[in-house]
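Here is the structure we will look at.
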Amino acid sequence: MNLTYRKTLAAGGTFVALLGVGGTALATTGSGTLTGAGAQQAAAPTATPSGSTAKPAGKHAKKHGALRGVEHAQIVTRHKGATVTRTIYHGTVTAVSSSSLTVKAADGKSQAYALNGDTKYRERSKGHKPTASSLSKIAKGDNVAVVGTGTSKVTAKHVVELPKK
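In mature numbering (1 follows the signal peptide of the UniProt record, and there is no 0), the protein residues as written are -27 to -1, 1 to 138.
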């Protein structure tokens, strides 16, 4: 895992920042593939959503998110010589327990995540930096971004509670 990616996740940046770093790393290393809603944008990280002006990828790609607007994606990367599948979802919590979290994206697709002692929780409120949080603060109906690893069973690594829409 590259240093920039770890710093971004540790800081608990917004979903856009999480995806931006992943998309930038993917674009610069070519070490992964992307499927799902973000496949088109990740393939050409300089592309921007319609109605906006295209800007070249560079130092601002991380800050502004190369994958802005992505609701969910699956990214396959190499880490320490092994293939790692990361599943990323942004949406509404539909179910939460001490061992699992289910997130529904705007397009209606859902993803269940297993939770464990290694899962990190952050809370981001409008105009404020992310702060440490806990599973007890996450409830059904909350707006979250989740990054997890695995294929048949996806385990949440980072859960960021985002401001209400």
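C-beta: ideal position from N, C-alpha, C; glycine also.
Identify the residues that DSSP records as bridge partners of T50: which are they? Along the sequence shown, one-based indexing puts residue 50 at 77. Paired residue(s): V57.
Cβ neighbour criterion (16 or more within 10 Å) applied to G121: For the purposes of this step, residue 121 is taken as the residue at position 148 of the sequence shown. Answer is buried; the Cβ neighbour count reaches 16.
Judging by CA-CA distance, which residue of Q47, V66, Y62 and R59 is the nearest neighbour of L108? Counted from its first residue, the sequence shown places residue 108 at position 135. Ranking the options by Cα distance to L108, first place goes to V66.
Using the Cα positions of N116 and G100, report the straight-line distance between them to the nearest angstrom. Residue numbering aside, residue 116 sits at position 143 when the sequence shown is read from its first letter. Residue numbering aside, residue 100 sits at position 127 when the sequence shown is read from its first letter. N116 and G100 have their C-alpha atoms spaced approximately 16 angstroms apart.
Just verifying my parser: in three-state terms, what is the DSSP assignment at L88? Counting from one through the sequence shown, the residue named residue 88 turns up at place 115. Looking at L88 - three-state DSSP - the assignment turns out to be coil, as it is neither helix nor strand.
Who are the Cβ neighbours of K126 in its own chain at under 8 angstroms, not counting the five residues just before and after it? Translated into the one-based positions of the sequence shown, residue 126 becomes position 153. The beta carbon of K126 is closer than 8 angstroms to those of A87 in its chain, skipping five residues each way along the sequence.
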